[in-house]
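Going from the sequence shown to this note's numbering is simple: count from 1 and add 10.
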Amino acid sequence: MRNWIYAVLLLAGLVGCTTEKTEVKNPIVVDTDFVLQGNYYGGAMQWEPTDRDSMTEAQWERLFKRVKFMNLGYIRCCIMPYYYCFGYEGQNPILLWNMDSTRVDARWYANSRRYMNDLYRQLQFCKDNHIDVLLGEWWKPMNPNWQQTVPVDMPKYTIELDDPRYAAAVATMVEHLVKEKGFTCIKQFNLGNEVNLMANDPKNGYSWEKWKQSILNLRAELDKRGLNDIKIVGPDGGYWGVDVWFNKTLNELDSVVSVIDYHWYINKDWTYTNRVEDETRMFRFFTQMQDSSKVNIWGEMGIRDGHDEVFDQHTLIHQWWYGTFVADALIQTLRSGWSAAAAWGMDDAMHYKDNLDEQKRWGFWNSIAEQKNKPEEANIRPWFYTWSLMSRNIPKGSKILYCNSYRTQNLNCVAALTPAGDLTFAITNTADFAQSVTLQIPTVTNRPTVNKYVYFEDDYPVDADGFPVAKEVLKSVDFTRGVTIDFPAKGFVMLTTNGGSRPEIVKNDRCMVDPMEGIQRMYDHSDNLGMNSFARFYDECGGSTPDFQFFKVLEDHGSIHPSTNDESAYVTYKFDGMNHFEIKVSGVETVADRFKVYASSDNKTWQPVELDFTEPEMSVWRFVHATMTPKAPLANVNYLKIEMLPKGYFANTRIREVKIEKR
Numbered sequence: 011m012r013n014w015i016y017a018v019l020l021l022a023g024l025v026g027c028t029t030e031k032t033e034v035k036n037p038i039v040v041d042t043d044f045v046l047q048g049n050y051y052g053g054a055m056q057w058e059p060t061d062r063d064s065m066t067e068a069q070w071e072r073l074f075k076r077v078k079f080m081n082l083g084y085i086r087c088c089i090m091p092y093y094y095c096f097g098y099e100g101q102n103p104i105l106l107w108n109m110d111s112t113r114v115d116a117r118w119y120a121n122s123r124r125y126m127n128d129l130y131r132q133l134q135f136c137k138d139n140h141i142d143v144l145l146g147e148w149w150k151p152m153n154p155n156w157q158q159t160v161p162v163d164m165p166k167y168t169i170e171l172d173d174p175r176y177a178a179a180v181a182t183m184v185e186h187l188v189k190e191k192g193f194t195c196i197k198q199f200n201l202g203n204e205v206n207l208m209a210n211d212p213k214n215g216y217s218w219e220k221w222k223q224s225i226l227n228l229r230a231e232l233d234k235r236g237l238n239d240i241k242i243v244g245p246d247g248g249y250w251g252v253d254v255w256f257n258k259t260l261n262e263l264d265s266v267v268s269v270i271d272y273h274w275y276i277n278k279d280w281t282y283t284n285r286v287e288d289e290t291r292m293f294r295f296f297t298q299m300q301d302s303s304k305v306n307i308w309g310e311m312g313i314r315d316g317h318d319e320v321f322d323q324h325t326l327i328h329q330w331w332y333g334t335f336v337a338d339a340l341i342q343t344l345r346s347g348w349s350a351a352a353a354w355g356m357d358d359a360m361h362y363k364d365n366l367d368e369q370k371r372w373g374f375w376n377s378i379a380e381q382k383n384k385p386e387e388a389n390i391r392p393w394f395y396t397w398s399l400m401s402r403n404i405p406k407g408s409k410i411l412y413c414n415s416y417r418t419q420n421l422n423c424v425a426a427l428t429p430a431g432d433l434t435f436a437i438t439n440t441a442d443f444a445q446s447v448t449l450q451i452p453t454v455t456n457r458p459t460v461n462k463y464v465y466f467e468d469d470y471p472v473d474a475d476g477f478p479v480a481k482e483v484l485k486s487v488d489f490t491r492g493v494t495i496d497f498p499a500k501g502f503v504m505l506t507t508n509g510g511s512r513p514e515i516v517k518n519d520r521c522m523v524d525p526m527e528g529i530q531r532m533y534d535h536s537d538n539l540g541m542n543s544f545a546r547f548y549d550e551c552g553g554s555t556p557d558f559q560f561f562k563v564l565e566d567h568g569s570i571h572p573s574t575n576d577e578s579a580y581v582t583y584k585f586d587g588m589n590h591f592e593i594k595v596s597g598v599e600t601v602a603d604r605f606k607v608y609a610s611s612d613n614k615t616w617q618p619v620e621l622d623f624t625e626p627e628m629s630v631w632r633f634v635h636a637t638m639t640p641k642a643p644l645a646n647v648n649y650l651k652i653e654m655l656p657k658g659y660f661a662n663t664r665i666r667e668v669k670i671e672k673r
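Structure follows, in structure tokens:
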């Protein structure tokens, strides 16, 4: 069902300690016709078994109960090759499940067997709870005395990344897990962690050419074993810097790598400026322009503030604010059309820092805190609250819907329609002042029951297990009149019909709007579009790689333009029975000779449309803004094509918003 949801937010800010509120009326419109991502993976986490330690049965049960509450859709799980492969005899790998402890150090064998048994248990949980798994390897075997995961010498072998024997061993391990053990929850594989950064040091044995060959080898070995459905993810890169791996992956491994994966640890300040959303959207745009079937994920994501580089510990992970800002980063990512963002990480128990007796503290809890004589660390930390709510109420298969956040007020929101037909609306306030929010949904024809969750510094209700519970149950909600939410300074609010009663939403076929923040809304487009002053690919700008944080958005708007100086570009929309449009455009010094518009009933025969322009308004960088409308109402029109003519520099001609109506 196609429908519109209008969410009107009435915003009131507090200045200093005054009790006065100034209302700023800026509606947020959520449009369920405008699906930003229809292939959402659901709530996502980094989750591996513990490197060195055994968990008690009670600790396993506690962990699984907590994870089950989250209703995750997706995890990334990486292992070391030394856990299952102890070397090679000629061309054949020596595999854990084909040997006993007499051939290697008994302590190492015991830890590897323990680890793999724990991995089996975790994968069985994922299978039973319908959690898809991105399985991967941290690094190739590259240090014969590597001591990261156990304080005894590892097997004495190393191997080159592009050696065919390495891919064969990996594929054999995947075959063992999927076919012999039945862990069909494994859907994807990534070969190497942050390989673009590893390649910065030649001693690591990583380079683009070696990694590319290893991926081709792996694809061939998986296919040889009948594992054609296992998708390869890459480059699993560290974001961002001057990085050519993104374009190389898209161009040279287009038929092999299905999912584009990077990692990003975000400075808290970047959420204030919406840098996360802006850069993530650009990343998505470049991917779609190359291959619209590919998806983007953050294989790792977190907030950097408070990170101790020495021990790889987050010193502020216990603090309340982390839950607000990591939720805000997730919301900005979803608004950009990404399929997943896996938070690092589930559990402090997963990893130690190198060969030190120091755990990496990034998790929701520490499942082995009792063994470390710190039982309080087993308690759930505050950021579990927001992340679990986003996971439970925007589950796998949800449609992520467009809504325009009031970003200058530090309000970001996302909406989703779940596979069950529930509606979820989440919003963060990262501002230092209180705000009042009124949500209206005129197209909801019934009065559903809605659960309201809040996450404020002194107010985030939990049950006896530490799990979030609704602050209020709003019954018989009249969304046409509106429901008001009061924010203190900073916080998170979620409204969801999940657990209440489902909304009945009527179809709206009168109007559609494209804010030009991607290509998802377009029916068709030329293959030479650029976005926000960038060409089709980020390294086409003058032969160098621009820094994404400096890309220009005209007065806080997205913009689409030609990607070359010499060719026209076009976008096409389908909207049956349209008879009017308003197209906001920009150009350097003028707009009058930069656009042509055509109309069609069948997408075959096109007629030019005579245009009216509003009086141009001066903007920044010599740009002028104007709005184009038809001189006369359109008749018998189902398709609209907008052509952008090349005039000077490719980004001098831009479309900023398209509104199409059936009046």
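Where is the CB? At the ideal position from N, CA and C, for every residue including glycine.
These numbers were taken from a predicted model, which means no experiment stands behind them.
- Of the candidates LYS614, VAL601, SER446, the residue whose Cα lies closest to the Cα of GLY658 is VAL601.
- In the DSSP secondary-structure assignment, PHE544 is bridged to MET541.
- A Cβ-Cβ contact shorter than 8 angstroms links PHE605 with LEU655.
- Between GLY52 and LYS406, the C-beta gap is smaller than 8 angstroms, which places the two residues in contact.
- A Cβ-Cβ distance of about 6 angstroms is found for the pair TRP149 and GLY202, placing them in contact under the 8 angstroms criterion.
- Unbroken beta strand (DSSP E) runs of no fewer than 3 residues, entirely contained in the stretch 555-635, are found at 570-572, 579-588, 590-598, 605-610, 621-623, following chain order.
- Below 8 angstroms, too few C-beta pairs join the stretch 231-250 and the stretch 280-287 to call them touching: fewer than three.
- Take the alpha-carbon of TRP616 and the one of PRO525: they are about 24 angstroms apart.
- Looking only at LYS409, ARG72, MET311, GLN56, the smallest Cα-Cα distance to ILE141 is reached by GLN56.
- Annotation: the continuous beta strand (DSSP E) that includes PRO103 extends over 102-105.
- Rounded to the nearest whole angstrom, the CA to CA distance from VAL77 to GLN369 is 20 angstroms.
- In summary, SER377 is buried, with 16 or more beta-carbon neighbours lying within 10 Å of its beta-carbon over all protein chains present.
- In this structure, HIS571 and GLY540 form a Cβ contact; the two beta carbons are roughly 5 angstroms apart against a cut-off of 8 angstroms.
- For ARG666, the uninterrupted beta strand (DSSP E) run begins and ends at 663-671, by DSSP.
- Annotated as proximal: ASN422 and ILE341, with beta-carbon spacing under 8 angstroms.
- Taking one beta carbon from each stretch, the stretch 440-459 and the stretch 469-482 have fewer than 3 pairs nearer than 8 angstroms; the two do not touch.
- Check the Cα spacing between LEU427 and each of ASP318, GLU514, HIS317: the tightest is with GLU514.
- Per DSSP, ARG124 is one residue of the alpha helix (DSSP H) stretching across 116-138.
- Per DSSP, the unbroken alpha helix (DSSP H) holding ALA230 starts and ends at 218-234.
- Here ALA430 carries a coil assignment [DSSP, helix/strand/coil].
- Taking all protein chains shown into account, GLN69 has 16 or more neighbouring C-beta atoms within 10 Å of its C-beta and is therefore buried.
- Between the alpha carbons of ARG72 and MET65 lies a gap of roughly 11 angstroms.
- Spanning the alpha carbons of ASP315 and PHE660 requires a straight line of approximately 38 angstroms.
- Between LEU46 and GLY309 the beta-carbon gap is near 20 angstroms, outside 8 angstroms, which marks them as no contact.
- With distances taken between CA atoms, PHE394 lies nearest to PHE502 out of VAL647, GLY510, PHE502.
- Under the three-state reduction of DSSP, TYR167 is assigned to coil, being neither helix nor strand.
- Our two residues, ASP279 and ASN439, have alpha carbons roughly 13 angstroms apart in a direct line.
- The alpha carbon of GLY312 has as its nearest neighbour, out of TRP118, TYR249, ASN257, THR624, the alpha carbon of TYR249.
- Within the model, the alpha-carbon separation for GLN323 versus TRP274 is close to 16 angstroms.
- A residue is called buried once 16 or more other Cβ atoms fall within 10 Å of its Cβ, and LEU650 is buried on that count.
- HIS635 is positioned such that its CB atom lies closer than 8 angstroms to that of LYS594.
- Take the alpha-carbon of ILE85 and the one of TYR167: they are about 30 angstroms apart.
- Spanning the alpha carbons of PRO452 and ARG673 requires a straight line of approximately 18 angstroms.
- Here the alpha carbon of GLU67 sits roughly 30 angstroms from the alpha carbon of VAL180.
- Cβ-Cβ distances below 7 angstroms link ARG371 to GLN323, HIS324, ILE327, ASP358 in the same chain, with the five nearest sequence neighbours on each side left out; the list follows chain order.
- Between VAL424 and LEU484, the C-beta spacing is not below 8 angstroms.
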